[in-house]
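First residue of the sequence shown? That's 104 in my numbering, and the numbers climb one at a time after it. Just so you know, even glycine gets a beta-carbon here, dropped at the ideal spot from N, CA and C.
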Amino acid sequence: MEKESINEKWRERFDFLSTHGLPGTPSYTKMYRTMTFGQRISIGANLYAFFFGFVYFCILGLWKKGLVLFLGVAAIQAALIAIETVADIDMNAFAKVINIGYACVCSYLVNTAYYLRMVKGVESWNPFQGLTRKSAEAVSNLPSRQY
């Protein structure tokens with residue numbers, strides 16, 4: 104992969120993750136806590152993913168992980184519709200909370216997922232890969248590509 108193919112924002116995120124590890128590691132957590140709010144948002148979240156969700160995952164080539172997240176929230180919404188229909192109660196507020204939660208999860212997961220795809224070469228269906236200590240250690244042992 105050409106170094107010019109990654110913009111400065113992604114390069115900054117990739118450098119941080121390469122240096123301090125994935126979100127499931129103690130070194131990441133320790134360094135993340137010392138950062139300012141703006142730096143935390145820049146490294147830990149992605150506004151495009153917050154607003155565009157599954158579409159942004161597909162644009163980055165993370166369609167498998169995006170599809171899993173989308174189908175998960177669709178199943179939850181289908182269950183809410185069933186409960187709403189059977190019990191004849193209004194679940195709109197709860198549905199909005201679920202949708203905002205989905206947007207936040209997409210925003211939080213996309214940076215790590217894109218790092219795993221571009222640097223570590225991981226193409227899995229698991230959108231939460233690298234977020235626990237065990238999975239972060241397993242992925243950190245994989246060879247890295249130049250970005």
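Give the list of continuous beta strand (DSSP E) stretches no shorter than 3 residues that lie fully inside the segment 182-222.
none
Compare the C-alpha of valine 253 against each of Gly164, Ala206, Val189 and name the closest.
The chain is shown from 104 up to 250; residue 253 falls before or after that span and cannot be answered.
Mapping the DSSP letters down to three states, classify serine 227 as helix, strand or coil.
Locating residue 227 in the sequence shown gives position 124, where the first residue counts as 1. If DSSP states are grouped into helix, strand and coil, serine 227 belongs with coil.
Going by DSSP, what residue range makes up the alpha helix (DSSP H) through serine 121?
Working through the sequence shown from its first residue, we reach residue 121 at position 18. Unbroken alpha helix (DSSP H) run through serine 121: 111-123.
According to the neighbour-count rule (16 or more other Cβ atoms, all chains shown, within 10 Å of its Cβ), is alanine 152 buried or exposed?
The sequence position of residue 152 within the sequence shown is 49, counting from 1. By the neighbour-count rule (16 or more Cβ atoms within 10 Å), alanine 152 is buried.
Can you grab the Cα-Cα spacing for the pair isoleucine 201 / alanine 185, in whole Å?
Numbered from its first residue, the sequence shown carries residue 201 at position 98. Numbered from its first residue, the sequence shown carries residue 185 at position 82. Those two C-alpha atoms are separated by around 15 Å.
State yes or no: is the C-beta of glycine 141 within less than 8 Å of the C-beta of asparagine 214?
As a first step, residue 141 must be located in the sequence shown, where it is residue number 38. As a first step, residue 214 must be located in the sequence shown, where it is residue number 111. Not closer than 8 Å, so no.
Is the beta carbon of isoleucine 109 sitting closer than 8 Å to the one on phenylalanine 117?
Here residue 109 refers to the residue found at position 6 when the sequence shown is read from its first residue. Here residue 117 refers to the residue found at position 14 when the sequence shown is read from its first residue. Between isoleucine 109 and phenylalanine 117, the gap from beta carbon to beta carbon is short of 8 Å.
Does glutamine 142 come out as helix, strand or coil in the three-state DSSP assignment?
Here residue 142 corresponds to residue number 39 of the sequence shown, with the count starting at 1. Glutamine 142: helix per DSSP, three-state reduction.
Residue from Lys112, Thr139, Phe157, Lys168 with nearest C-alpha to alanine 216:
Taking the sequence shown and counting its residues from 1, the one referred to as residue 216 is at position 113. Comparing Cα-Cα distances from alanine 216 to each of Lys112, Thr139, Phe157, Lys168, the minimum goes to Lys168.
Could you tell me the boundaries of the alpha helix (DSSP H) in which arginine 136 lies?
Here residue 136 is taken as the residue at index 33 of the sequence shown, counted from 1. Here the alpha helix (DSSP H) through arginine 136 covers 129-137.
Short of 7 Å in beta carbon distance, which residues of its chain neighbour tryptophan 166, apart from the five on each side in sequence? Order them along the chain.
Here the question's residue 166 lines up with position 63 in the sequence shown. Contacts found: Phe160.
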